[in-house]
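Under this note's numbering, think of the first position of the sequence shown as 931, with each following residue one higher. Ideal Cβ positions, reconstructed from N, Cα and C, are used throughout, including at glycine. Fair warning: this is a prediction, and the values are worked out from it, not measured in the lab. Structure, as structure tokens:
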Amino acid sequence: MRRTVPRRLDFISELRIVPDPSISKHRQLYEGLRRAIADGKLSGDDELPSTRELARELGVARNTVITAYEMLLAEGYVTSRGGAGTFVAKNAADTAAQKPAASVEPRPLSGMADMFRVSRLATPTGFTRSFRPSSPSIDAFPYGTWSQTARRVLRYGERAWMSESPPIGLRSLRKAIARHLHAFRSSPCDPDQIVITSGAQSGLFLCSMLLLDPNDAVWIEDPGYQQARLAFRARTERVIPVPLDDFGIDIETGRALSPQPRLIFTTPTHQWPLGITMSSARKRALLDFATERGAWIVEDDYDGDLRFDRSTYAALRGLDGADRVIHLGTFTKTLTPGIRIGYLVLPPDLVEAFVAGQQTVDRFPNPIAQAILAEFIEGGAYARHVYAMQTLYLERHELMRARIASKLSGFLDSKASPGGTFTVTELVGGIDDIALADAFERLGFDSLPLSRTYAGSPGKNGLLLGHAVSKPEDIRAGIDTLARIAASPVSSIPAR
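Printed below as a string of structure tokens:
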């Protein structure tokens, strides 16, 4: 039987979180909890207080506790059991006792370094493998058409790509993107409102640096995109996880948690990770709220081009009559992560500041790739590829769901998706999704535990499984592998 400890733990009184420029608050808390584990004040299977409760007891921001818990999780001192809480890992005391405490002398790295490190440990990296969420199909990339386009651009195209391109991006690409957004996302804009970036993450950091001051409040969806939370935490600790309902981000709950946000981050077309499509009524309500409060909305058009029904789903920005929305887009999910091109569609009065910021931070994204992509879009190859991927990804999504129903009934439930690159699943029993993902990874398959996408109270546990990147034979092999893991002795996968 799991051994838990009282909610108000004796060791909390021994934790000291003090203002100290040489060591961040989350690092102080991490070290205090690690010492409590090493000293035996916390034992294997002991439950830690919720992030909200511990933050209240210590008088620190909740994000401070979340970051400390994530550091402990990344190093194996604790486990997160979706829907149940955070627990000390078995044998954690031995691991903690072997590691020396961090020096309190001034360190060469900022507190952000810890959060970047935790993010890296929690995110699959390296060469793409089957089942990695959010990765596009590598086998279906139009190599021939892309190569022909590249040769044509290099031989006959303008030579603007041979020198430093303007930080706003090549005009040919900005014109192509503007036409695409008008036709496919019902979001007309002038090419001069578009700033080319080196991907979505680059755009997020620009938004964070140029729209936020320390102590500004930011709403993020919960569950939501961890890398967005990290980008905003680089500027402010007041990053507020706001829960979702069936229609999108819950505005009334957000209003109660933080009534005056400076920025709202949302993925309205295909919410990461639950796949919810924001309703038209919720869109209008969110725009009205942002206008009323003078807040910016950063709309991440996640998987916006990959709807299975090929419908033209209007972007949030297309409904914005008050210029409160910044539209963030990327070609990572439709083409390949290696292209490293994204874009921001900005209200006209923000363009100058963002171009200056881009020039300082990123200078200019690869101009050769920009020129090739512009021709690829203008010649119609991009639209043809997107249509083909909508069909292919639907087939792979349906195959994955059918295989799960056949092989994992009673263990894993899959959710139908309106589009995108991954399938959302929920564990039926009390299985630790992080331990399950680790076991799956050891056998050669990537996935993402659903519980890791929650920043607030414990949420659902399950796996995000990438169908787009997985060939049919890989889908069958991967689900069969999960079935073997599920059939293994109960002791091999911890219960939550």
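Taking 8 Å as the cut-off, does the segment 1304-1317 touch the segment 1368-1386 (at least 3 CB pairs, one atom from each stretch)? no
Gly1006 versus Ile967, Leu1329, Leu1174, Asp1122, residue with shortest Cα-Cα distance: Ile967
Go ahead and label Leu1427 buried or exposed: buried means 16 or more other beta carbons lie within 10 angstroms of its beta carbon, across all protein chains shown. For the chain, the structure presents residues 931 to 1426; residue 1427 sits outside this window and is missing.
Do Gly1272 and Gly1392 have their beta-carbon atoms positioned less than 9 Å apart in this structure? no
When DSSP builds the beta bridges, which residues end up paired with His1257? Glu1229, Val1275
Taking all protein chains shown into account, decide if Asn1145 is buried (16 or more other Cβ within 10 angstroms of its Cβ) or exposed. exposed
Determine the closest residue to Ile1227 out of Ile1256, Ile1298, Phe1219, with distance taken between C-alpha atoms. Ile1256
May I ask you to report which of helix, strand or coil DSSP gives Phe1370? helix
For Asp1180, which option in Pro1277, Ala985, Phe1219 has the closest C-alpha, if you only look at C-alpha atoms? Phe1219
DSSP three-state assignment for Ala1032, whether helix, strand or coil: Annotation note: pLDDT 49 at Ala1032 (below 50); position unreliable, no value reported.
Is Gly1268 buried or exposed, if buried means 16 or more other CB atoms sit within 10 Å of its CB? exposed
Would you list the residues sitting across from Val990 in a DSSP beta bridge? Val990 is not bridged to any residue.
Below 9 Å between beta carbons: does that hold for Asp1233 and Thr1199? yes
Whether or not the segment 1236-1255 and the segment 1100-1108 are in contact is what I'm after, with contact meaning three or more pairs of Cβ atoms, one per stretch, closer than 8 Å; do they touch? no
Backbone CA spacing between Ala1338 and Met1001 [nearest angstrom]: Ala is not the amino acid found at residue 1338; the sequence shown has Leu there. Taking the straight line from one Cα to the other gives about 32 Å.
Coarse secondary structure for Trp1076, derived from DSSP in three states: helix
Closest by CA to Thr1127, which one among Gly1248, Leu1249, Phe1294, Val1169? Phe1294
Report the rounded CA-to-CA distance for Thr1411 versus Pro1066, giving the unit in angstroms. 22 Å
On the CB-based measure, 16 or more other CB atoms within 10 Å of its CB, does Lys955 come out buried or exposed? buried
Cα-Cα, which of Val1125, Glu944, Arg1247 is closest to Arg1214? Arg1247
Tell me whether Leu1051 is buried or exposed, calling it buried when 16 or more other Cβ atoms sit within 10 Å of its Cβ. Here Leu1051 scores only 49 on pLDDT, less than 50, and its place in the model is too uncertain to base an answer on.
Residue from Glu1088, Thr1166, Asp1120, Ser973 with nearest C-alpha to Leu1140: Thr1166
Would Ala1365 pass as a contact of Thr1016 if the rule is Cβ separation under 9 Å? no
Applying the criterion that 16 or more other CB atoms from any shown protein chain within 10 Å of the CB defines a buried residue, is Asp1376 buried or exposed? buried
Opposing strand residues paired with Leu1394 [DSSP bridges]: Val1354, Leu1378
For the beta strand (DSSP E) that Glu1151 lies in, which residues bound it at each end? 1148-1152
Hey, Arg1333 and Ile1415: beta-carbon distance below 9 Å or not? no
If you follow the alpha helix (DSSP H) that Ile1361 is in, where does it begin and where does it stop? Unbroken run through Ile1361: none, as it is neither H nor E.
Starting from Asp1218, follow the alpha helix (DSSP H) in both directions and report where the run begins and ends. 1210-1223
Straight-line CA distance for Pro936 to Arg1185? For Pro936, the pLDDT reaches just 42, beneath the cut-off of 50, and the residue's location in the model is therefore unreliable, leaving the point undetermined.
Which residue from Glu977, Asp969, Phe941 puts its Cα closest to that of Glu987? Phe941
Compare the beta carbon distance of Leu959 and Val995 with 9 Å and say whether it is the shorter of the two. yes
Which residues does DSSP pair with Pro1144 in a beta bridge? According to DSSP, Pro1144 bridges with nothing at all.
When DSSP labels each residue in this structure, what does Asp1122 get in the three-state scheme? helix
Which partner residues of Val1018 appear in the DSSP bridge assignment? Val1008
Count the other CB atoms, across all protein chains shown, that sit within 10 Å of the CB of Gln1156; report buried if there are 16 or more and exposed otherwise. buried
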